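What follows is a short report on a single structure.
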Amino acid sequence: MSGYEIDFGVSGVRAGVVADAAKVADRVVLPQQTHSCKVAVIGRDGVVPPLADTDAVISMCSGVAVGVRTADCVPVLLYAPDIPAVAAVHAGWRGSLGGIVSNAVGQLIHLGADPARMKAAFGPCICGDCYEVSPELADDFRRAGFADCIIGTRNLDLVAVNRTRLRAAGLLTDNIITSSCLCTRETPDLPSWRREPTDRRLATWICLSAANNK
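When we follow the working numbering, the leftmost residue of the sequence shown carries the number 693, and every step to the right adds one.
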């Protein structure tokens, strides 16, 4: 599996997954991820701001693709058609607990987007059945209100956590796409730190099409 596109079911946006991030590093804006909750914005002028210590990038510029690197963490893509803008979000357990996807949606709302019109899609990540965490971390998520996202006693469903956050931020359930959410640990062609520690990363990207030029 070298890569595939993610179908948002609408015109005006393209998105996809590439199994080796190094192959698109010259064509996709990728932040310097540190498991932070910081969101950066590329305006319509296309100027890329500093991306150190950044785990989500918004693009309002047609043709400027943004993405995140992952190897088990959750990549979340957002499309706000009314501004228009797109965003790529990296949500590991720290970002999921801290609310990185909520911050990205909040920034889009600040820029003028209606969350009820937003679409979100999840890329490949480790599934809850494969992601066992410490009892202490599982308890942290329970205390944060995500008890329903714990499978058994110690398995954490990060997709469920971020889906819950998206709904709380105002996105409609029907606008949250999970069909591209393959389990990285169970898919040999995709990098998975839990399956085998690796420097390889997949890239999940999104871009406004030229139809959004104004």
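Just so you know, even glycine gets a beta-carbon here, dropped at the ideal spot from N, CA and C. Model, not experiment: these values are computed from the prediction.
Check	Outcome
Euclidean distance between Cα positions of residue 710 and residue 900	18 Å
Residue from 871, 877, 879, 880 with nearest C-alpha to residue 768	871
C-beta contact flag for residue 777 and residue 719 at 9 Å	no
Among 811, 760, 764, 744, the one whose alpha carbon lies nearest that of residue 774	811
C-alpha gap between residue 695 and residue 884, whole angstroms	16 Å
Beta bridge counterpart(s) of residue 706 as assigned by DSSP	899
C-beta neighbour in chain B for residue 791, strict 9 Å	Included in the structure is just one protein chain, with no chain B present.
Pairwise C-alpha distance: residue 816 and residue 741	27 Å
Cβ-Cβ separation, residue 788 to residue 722 (assumed contact under 8 Å), whole Å	Their Cβ separation, rounded to whole angstroms, is 20 Å, which puts residue 722 and residue 788 out of contact at 8 Å.
Check whether residue 780 and residue 805 have beta carbons under 9 Å apart	no
Contact check, residue 846 vs residue 825, beta carbons under 9 Å	yes
Cut-off 6 Å between Cβ atoms - residues of its own chain near residue 645, not counting five sequence neighbours on either side	Limits of the chain in this structure are 693 at one end and 906 at the other, which puts residue 645 out of reach.
Status (buried if at least 16 other CB within 10 Å, exposed otherwise) for residue 755	exposed
Inter-residue Cα distance where the pair is residue 898 and residue 734	13 Å
DSSP three-state assignment for residue 863, whether helix, strand or coil	coil
Residue 707 versus residue 697 - alpha carbon distance	6 Å
Residue 787, DSSP secondary structure in three states	helix
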